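Student:
Number of protein chains: 2
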Amino acid sequence: MKQDLSIGLLGLGTVGTGVVKLIEQHQEELVHQLGCQIKVKKVLIRNVEKDRDVQIDPTSITTNPEDVLNDPDIDVIVEVMGGIDEARQYILEALQNRKHVVTANKDLIALYGPELQEIAWKNQCDLLYEASVGGGIPILRGLTDGLVADRIQKLMGIVNGTTNYILTKMMDEGVSYEEALKTAQELGFAEADPTSDVAGLDAARKMAILARLAFLTDVSLNDVEVEGITNLSSEDLNYGKTLGYTMKLIGMAQCQDERIEVSVQPTFIAKSHPLAAVKDEFNAVYVNGEAIGETMFYGPGAGSLPTATAVVSDVIAAIKNMQLGINGRNLSKPRFKRKLKSLDQRFGQYYIRLHLKDQVGAFSQLTTAFSELDISFKRIIQTPDKRDELAEIIIVTHQVSLDRFQQALLKLNEMPVVKQVNSYYRVEGENK
Amino acid sequence: MKQDLSIGLLGLGTVGTGVVKLIEQHQEELVHQLGCQIKVKKVLIRNVEKDRDVQIDPTSITTNPEDVLNDPDIDVIVEVMGGIDEARQYILEALQNRKHVVTANKDLIALYGPELQEIAWKNQCDLLYEASVGGGIPILRGLTDGLVADRIQKLMGIVNGTTNYILTKMMDEGVSYEEALKTAQELGFAEADPTSDVAGLDAARKMAILARLAFLTDVSLNDVEVEGITNLSSEDLNYGKTLGYTMKLIGMAQCQDERIEVSVQPTFIAKSHPLAAVKDEFNAVYVNGEAIGETMFYGPGAGSLPTATAVVSDVIAAIKNMQLGINGRNLSKPRFKRKLKSLDQRFGQYYIRLHLKDQVGAFSQLTTAFSELDISFKRIIQTPDKRDELAEIIIVTHQVSLDRFQQALLKLNEMPVVKQVNSYYRVEGENK
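Residue numbers (the numbering used here), protein chains in the order written: chain S, 68 to 499; chain W, 68 to 499.
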């Protein structure tokens, strides 16, 4: 048997304790894979007093990062502390000390991934971050290895479990946003401060990482357009249901002719689309490739042990690479410099809800306005709204370019017969 | 740029033409990945006269296998000719000539995979077969790399597109088996002789391969219990629908304490289970891991270009390994010698349909028989069958061991009040 491998852990929270448990519980399988044992030699923690759900040798615990980062026995550093500045500094130091780094830190990788990757390459080190997107789902490997021969055109991801849980409750059980959020918090699916999840920021970070790997280009977090789920109304969700849609927070990334488009926004998904069946706290990434057509990766997007499986799969990869002497070759450099698509290069179907004054010819003025912009309808529902002598109109358009859709919105807002445009959402998929 | 890499193709059918097209269409991406071009130098075909849906240099075509297998310029042999004996002989020769082999041949790998793998290892060659299961879905890599840190307990796969297409038509549109098969044949989803698909043999081969990789043990094709879809009745499908199930041909593999169970059988899947949403010709593999919980890989299980993406991803992997000098290290050896589970170690839920004589006390005798075997019911439906003074009874059991379930079947067949047990199927998943 080869010499035992020592790893250092930065952080011992939810994911960190999962990593310690998994390495212990699956020791036999790990020895089979690697021909040696993996030992967690040092663990950096902030608070020694805190109770933790794991047995760990007290002598391996430290509050001094240097004990982990400078230990010559440690070959692989696992960063599961979260946060940005401190984590970045430790990872930089680890890479400069020629230690391989495995991280679950999506915030850091979304912001500094390419920079850290360059430094890892320079030091012939691995920098691996499978756990940063989709928890336990092996989606990054799926893109970089499994679909390496294809040209990926579009990704759609449900990459935030908190919002998917909330939206599932709202759609399937008709509960309010506030109530769904409260239940999510009670069950541990949402943080006390849920802003980063419900505003779509967490999903945006993951989409930046996915888009980089799918298209092999330099996507930055700023490229991602973000809209959260806090303003959804039960009216829209009910109309959506009637139309055969379910509401999801969809991260979308598209690439065509080296131009990209990345967004996170509440989206109506046709019930027959595979993403519509992704419920509760689960995550999924749906991929359209030129050759493969469609494929989807589904699983738990968070959780201690599920996320730990992704972290430890990276640790195993880094150690196998060490044994073969090939570290630092894990990912391809960008293939082209990304340009963003302009509005007239972006297309989508839209759902619009608006209030029309209930007067003769109003409806005809509305349809004329759309047809002048060459926007055609797939579905229209008109219901009288008794309160104010208004008609409530729901429109689902066919594919339309985003610039033309925005022109339509402007025009609608200027039309005297239109009381107001209440809401509009992207629509994906076709019900048969 | 590094020297161009030459590959040899054995076969130029559906998958072979896909491989040629994909390498041509994605040349730019391949050069980015590998730093060199991939060239299809020689193609072995049987019939020179046949029209093919691909442009290929006539001088690269040959009917003599030695032209491909002995060409010193060729580093990777891609076997996409199908069949067993000839393919096996060519692959053996290729490996002995120290050429890496990529194959899409599930029949061959199911029967001779371990033997060929040993020979590949001895010759420090790669033997890769991602395309043998689930077409374009990167499921084998998902198991061997993505879920490497977990202990996989159970797999359920919809791994045959033909039968899934037929069952989708039967369940969703109420058409007969014969009609669905005919449509599948017209659309090219079923062969003229569909036996291997509809009898479950094709799925069994894929399950043997999946179980080997998931559990890292020596599963043989003979270990797989197989039942096809040819005897399904519309009565059962309708009752299943009423109960909230859909019928799927499910390949199932379980492992516990180094004991395995692998089967392919028509199974009722609860509508809320992710596998229930896998429709038409699509495939999916659903995995239960000790740490990850549940995860699923979904996509096209066949087709020229989708399958070619899996083949070419293997070609890329073999070439990257060549560049790094690490070929022949791709898969782990078996971790233990598999034993099969005995009947009392196998558990399942079952749906049973039977006809009971419509006489006083019959129902009570039935329930007593089950309760004596400690089998409890989850659902019972009784409907009178007017024709013969019989009552039709549908029972869904809770989890029961297979030996006890078989005892129950024997007992039912001996009971005078039971006219006959019409059918029984495994049930998976719970509807909420």
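Positions of the beta carbon are idealized from the N, C-alpha and C atoms, including for glycine.
All of these numbers come straight from a predicted model, not from anything done at the bench.
Spell out whether any CB of chain W is found under 8 Å from the CB atom of G356/S.
Tutor: Here residue 356/S is taken as the residue at index 289 of the first sequence, counted from 1. Yes, contact with chain W.
Student: Counting contacts by CB-CB distance shorter than 8 Å, is E495/W in contact with chain S?
Tutor: Locating residue 495/W in the second sequence gives position 428, counting from the first residue. Taking Cβ atoms only, chain S never reaches closer than 8 Å to E495/W, which makes this a no.
Student: Starting from H465/W, find everything on chain S with Cβ-Cβ shorter than 7 Å and list it in chain order.
Tutor: For this step, residue 465/W is matched to residue 398 along the second sequence. Within chain S, no residue comes near H465/W; the closest Cβ sits about 24 Å away, beyond 7 Å.
Student: Would R279/W pass as an interface residue toward chain S - the criterion being a Cβ-Cβ separation below 8 Å?
Tutor: Translated into positions along the second sequence, residue 279/W becomes position 212. Among the CB atoms of chain S, none fall inside 8 Å of the CB of R279/W.
Student: Are the stretch 170-177 of chain S and the stretch 273-287 of chain S touching by the rule of at least three beta carbon pairs closer than 8 Å?
Tutor: yes
Student: Does any C-beta atom of chain B lie closer than 8 Å to the C-beta of G203/W?
Tutor: The structure shown has no chain B; the protein chains it does contain are S and W.
Student: Less than 6 Å between C-beta atoms, sequence neighbours within five positions excluded: which residues of the same chain meet that for T81/S?
Tutor: What you label residue 81/S is simply residue 14 of the first sequence in a count that begins at 1. Contacts found: S371.
Student: Regarding S263/W and the ligand NAD, is the C-beta to nearest heavy atom distance less than 7 Å?
Tutor: As far as ligands go, the structure on display features none, and thus does not contain the ligand NAD.
Student: Roughly how many whole angstroms lie between the Cα atoms of A344/S and G496/S?
Tutor: As a working note, residue 344/S is residue 277 in the first sequence. As a working note, residue 496/S is residue 429 in the first sequence. The straight-line gap from Cα to Cα measures roughly 13 Å.
Student: Would you say Y312/S reaches chain W, if we count a Cβ-Cβ gap shorter than 8 Å as a contact?
Tutor: Stepping through the first sequence from its first residue, residue 312/S is reached at position 245. No - not a single Cβ of chain W is within 8 Å of the one on Y312/S.
Student: For V524/W versus L79/W, is the C-beta distance shorter than 8 Å?
Tutor: Nothing about residue 524/W can be read from this structure; chain W reaches only from 68 to 499.
Student: Per DSSP, which residues does V467/W bridge with? Please list them.
Tutor: Locating residue 467/W in the second sequence gives position 400, counting from the first residue. For V467/W, which the question treats as bridged, DSSP gives the partners G415/W.
Student: Give me the Cβ distance between K486/W and K400/W, rounded to the nearest whole Å; I'm assuming they're in contact under 8 Å.
Tutor: Within the second sequence, the letter at position 419 stands for residue 486/W. Within the second sequence, the letter at position 333 stands for residue 400/W. Actually they are not in contact, since the Cβ atoms of K486/W and K400/W sit about 53 Å apart, beyond 8 Å.
Student: If you measure from the beta carbon of L194/S to each beta carbon in chain W, is any gap under 8 Å?
Tutor: By one-based count along the first sequence, residue 194/S stands at place 127. For L194/S, the answer is no, since every Cβ of chain W falls outside 8 Å of its Cβ.
Student: For Y365/W and chain S, any beta-carbon pair shorter than 8 Å?
Tutor: The count along the second sequence starts at 1 and reaches residue 365/W at position 298. Judged by the 8 Å Cβ criterion, Y365/W is in contact with chain S.
Student: Step through the CB atoms of chain W and report whether any lies within less than 8 Å of the CB of A375/S.
Tutor: On the first sequence, position 308 is the one that residue 375/S refers to. It does: the Cβ of A375/S has a partner Cβ on chain W nearer than 8 Å.
Student: Can you tell me which residues form a DSSP beta bridge with P261/W?
Tutor: Translated into positions along the second sequence, residue 261/W becomes position 194. Per DSSP, P261/W has no beta-bridge partner at all.
Student: Which full runs of the beta strand (DSSP E) of 3+ residues lie inside the stretch 193-264 of chain W, going along the chain?
Tutor: 219-225
Student: Within 10 angstroms of its Cβ, does E302/W collect 16 or more other Cβ (buried), or is it exposed?
Tutor: Taking the first residue of the second sequence as position 1, residue 302/W is located at position 235. Exposed, since its Cβ has fewer than 16 Cβ neighbours within 10 Å.
Student: Starting from E185/W, follow the beta strand (DSSP E) in both directions and report where the run begins and ends.
Tutor: As a first step, residue 185/W is located in the second sequence; it is residue number 118 there, counting from the start. From DSSP, E185/W is part of no beta strand (DSSP E) but of the alpha helix (DSSP H) over K173 to K189.
Student: Can you find a CB in chain S that lies within less than 8 Å of the CB of A458/W?
Tutor: As a position in the second sequence, residue 458/W is number 391, starting the count at 1. Taking 8 Å as the threshold, the shortest C-beta distance from A458/W to chain S does not fall below it.
Student: State yes or no: is the C-beta of D414/S within less than 8 Å of the C-beta of V463/S?
Tutor: The residue given as residue 414/S occupies position 347 in the first sequence. The residue given as residue 463/S occupies position 396 in the first sequence. What sits at residue 414/S in the sequence shown is Phe, not Asp. Cβ distance not < 8 Å, so F414/S and V463/S don't count as in contact.
Student: The beta strand (DSSP E) with G150/S in it runs from where to where?
Tutor: One-based indexing of the first sequence puts residue 150/S at position 83. Here G150/S belongs to no beta strand (DSSP E), and DSSP marks it neither H nor E.
Student: Could you tell me the boundaries of the alpha helix (DSSP H) in which A429/S lies?
Tutor: For the purposes of this step, residue 429/S is taken as the residue at position 362 of the first sequence. A429 to E439 is the extent of the alpha helix (DSSP H) around A429/S.
Student: Measure the alpha-carbon distance for Q321/W versus I204/S and round it to whole angstroms.
Tutor: Position 254 of the second sequence holds residue 321/W. Position 137 of the first sequence holds residue 204/S. Their Cα atoms are separated by approximately 20 Å.
Student: According to DSSP, is G83/W helix, strand or coil?
Tutor: Position 16 of the second sequence holds residue 83/W. Three-state result, G83/W: helix.
Student: I want to see whether chain W comes within less than 8 Å of A344/S, judged by CB atoms only; does it?
Tutor: The residue given as residue 344/S occupies position 277 in the first sequence. Contact of A344/S with chain W is assigned, a C-beta pair being separated by under 8 Å.
Student: Closest by CA to L234/S, which one among V169/S, G295/S, R402/S and D124/S?
Tutor: By 1-based counting over the first sequence, the position of residue 234/S is 167. L234/S has its Cα closest to that of G295/S, out of V169/S, G295/S, R402/S and D124/S.
Student: Which residue from L183/W, H422/W, K315/W and D118/W puts its Cα closest to that of T297/W?
Tutor: Start at 1 with the first residue of the second sequence, and residue 297/W comes out as number 230. Shortest Cα-Cα distance from T297/W to any of L183/W, H422/W, K315/W and D118/W involves K315/W.
Student: When you compare the CB of Q362/S with every CB in chain W, is at least one pair closer than 8 Å?
Tutor: Start at 1 with the first residue of the first sequence, and residue 362/S comes out as number 295. For the record, residue 362/S in the displayed sequence is Thr; it is not Gln. Cβ-Cβ to chain W under 8 Å: yes for T362/S.
Student: Using only the alpha-carbon positions, how far apart do E146/W and T170/W sit?
Tutor: Taking the second sequence and counting its residues from 1, one reaches residue 146/W at position 79. Taking the second sequence and counting its residues from 1, one reaches residue 170/W at position 103. Their Cα atoms are separated by approximately 5 Å.
Student: Once the 5 residues before and after Q373/S are set aside, which same chain residues still bring their CB inside 6 Å of it?
Tutor: Counted from its first residue, the first sequence places residue 373/S at position 306. Note that residue 373/S corresponds to Pro in the displayed sequence, not to Gln. Excluding positions up to five away in sequence, the list reads G202, G203 and P367.
Student: Less than 7 Å between C-beta atoms, sequence neighbours within five positions excluded: which residues of the same chain meet that for R402/W?
Tutor: Indexing the second sequence from 1 puts residue 402/W at position 335. If we look at R402/W and ignore the five residues flanking it on each side, its Cβ neighbours are L283 and T284.
Student: Whole angstroms are fine: how far does the CA of H422/W sit from the CA of R454/W?
Tutor: Translated into positions along the second sequence, residue 454/W becomes position 387. Translated into positions along the second sequence, residue 422/W becomes position 355. Computed Cα separation, rounded: 12 Å.
Student: Relative to the C-alpha of Y491/W, which residue among I151/W, E95/W and L477/W is closest?
Tutor: Counting from 1 along the second sequence, the entry for residue 491/W is found at position 424. When only C-alpha atoms are compared, the closest one is L477/W.
Student: Step through the CB atoms of chain S and report whether any lies within less than 8 Å of the CB of E96/W.
Tutor: In the second sequence, residue 96/W corresponds to position 29, counting from 1. Answer yes: the Cβ-Cβ gap between E96/W and chain S drops below 8 Å somewhere.
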